[in-house]
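Step one of this worksheet: look at the structure below.
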Amino acid sequence: MSAIEIRGLQKSYRVYQKNEGLWASLTGLFQREYRTVDAVRSIDLDVDEGEFVAFLGPNGAGKTTTLKLLSGVISPTAGKAQVLGHVPWLRENDYRRRFALVMGQKNQLWWDLPAQESFRLHEKIYRIDPDKFRKTCDELTDMLEVTQLLGRPVRELSLGERMKMELIAALLHSPEVLFLDEPTIGLDVIAQHNIQKFLKHYQEERKITVLLTSHYMKDVAALCQRVVIIAQGEIVYDGSLSGIVDKFSGHKVLSLQFADDRMPGDLARYGEVLEIIEPKARLRIDRSKIAEVLSSVLASYSIEDVSVEDPPLEEVIADMFALSVKKKTKKIDASHPVSPQS
């Protein structure tokens, strides 16, 4: 059964088009020109109950906008969505008690107060039974190992400690759906690992539905089996993590170790030379030519060791994002021309 159902969801913004020059600035005071920006373009998506799904894309792709739509923070321009049977932007109290949104760059805790005071405020806002509140709070603080920090003002906590407190606050009312927007942004490796470990354990134990955005592929690899990629407001991939390389990478990495330290000087004819540390070399080879190149190399040189690997996932996704941004900057959207204010 689907926890999240999205059909044709779209969000557009009308933004002021400012032209260069003094005369243009003066003219803009009386007759402004606007253009339409599509943050989300008619996406369709289903997420089953209990799934942990990564929602990836370059900056400005529409990830955070989508989470805001599903959280009811903003309303769509067009399309439909239901989360747990609720229309998010109707902002029903019943729905608010069934989901949580955690944004890595936004604080929901009172900065000058201890986290435990913010937790008590959440208890009242969500009308949590006092006994259940104490039990849940104790469980979460134990799992995240922050019991000793509850009495300290939030401003005195490290970034990793604050994120743990943010997660506790979001989970106190036991939501069935959790939206995570960059939960490990800015954290060191140890803090990232601790957050990943907690989220994995909590989701597996409670069987909640999680939609995660992150630029850290280690988050995705550690937590998610399914990946949805959005670019220019549209979903361009929906599948397994391993399938991303097959779909978006056009090359493989060929690693060679030459016998007797004899390093040829014409390796560039086979492909892009990534690295040479004699007697070893690494080359980027077109996927369609890997068999041909490998056969030629083995026939031409004395090879002690050889391996063929896919490029790192981070590299594939980074290249895909860069291509998406490049296309976006070149694209002229004829369907949304600049128009003067009426």
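Residues in the sequence shown are numbered consecutively from 821, following this note's numbering. Backbone N, C-alpha and C fix where the C-beta goes; we use that ideal spot for every residue, glycine too.
Close Cβ partners of residue i (< 8 Å) along its chain, the five nearest in sequence each way excluded
i     : result
I1010 : G980
N927  : V974, R982 and E986
M1083 : I1096, E1098, P1099 and A1101
Residues that residue i bridges to, as DSSP identifies them
i     : result
S994  : In the DSSP output, where bridge partners are listed per residue, S994 has none listed.
L836  : Leu is not the amino acid found at residue 836; the sequence shown has Tyr there. DSSP lists Y854 as partners of Y836.
Y923  : It is worth fixing the name first, because residue 923 is Met in this sequence and not Tyr. M923 is bridged to D1001.
T1033 : D1001
K831  : V860
P950  : According to DSSP, P950 bridges with nothing at all.
Q902  : E825
A874  : L1032 and V1047
When the options are compared against residue i, the one with the closest alpha-carbon
i     : options                       : result
F919  : G828, I1110, A989 and A1101   : A989
V1056 : S1115, D1008 and F1141        : F1141
E943  : P934, G924, K883 and T956     : T956
V997  : T847, H906 and L1143          : H906
R1026 : D1039, K883, E853 and L991    : L991
L1043 : E1054, N913, S1060 and K1100  : S1060
V1093 : A1079, L1074, A1111 and I1110 : L1074
F872  : K1100, T1033, F953 and L1118  : T1033
K1067 : V1048, Q1052 and L1076        : V1048
F850  : V857, D858, Y836 and T856     : Y836
G877  : L1076, D1001 and Q1045        : D1001
Burial state of residue i, where buried means 16 or more other Cβ atoms lie within 10 Å
i     : result
V903  : buried
T967  : exposed
P950  : exposed
G892  : buried
K883  : buried
E1024 : exposed
P908  : buried
S1162 : Per-residue confidence for S1162 stands at a pLDDT of 36, beneath the threshold of 50, marking its modelled position as unreliable; the derived number appears in the next sentence. By the neighbour-count rule (16 or more Cβ atoms within 10 Å), S1162 is not buried but exposed.
K984  : buried
Q1052 : buried
I945  : exposed
D858  : buried
D1008 : exposed
Range covered by the alpha helix (DSSP H) that runs through residue i
i     : result
E1024 : V1009 to R1026
G1059 : No alpha helix (DSSP H) contains G1059, which is instead part of the beta strand (DSSP E) from E1054 to S1060.
V1117 : I1110 to S1120
E943  : A935 to I945
I1064 : G1063 to F1068
7 Å Cβ shell around residue i - same chain, five flanking residues per side excluded
i     : result
D1130 : V1065, S1069 and K1072
S822  : D866, V867 and D868
A1138 : none
L1087 : V1093, A1101 and L1103
Q1016 : D1039, A1042 and L1043
The beta strand (DSSP E) enclosing residue i, as first and last residue numbers
i     : result
L1076 : H1071 to F1078
R1104 : K1100 to D1106
R1046 : R1046 to A1051
D1125 : I1123 to E1129
beta-carbon residue i near the ligand ZN non-hydrogen atom, thresh 7 Å
i     : result
C1044 : This structure lacks the ligand ZN, and indeed carries no ligand of any kind.
Cβ shell of residue i (< 6 Å), same chain only, five flanking positions each side left out
i    : result
T886 : V860
S862 : G828 and Q830
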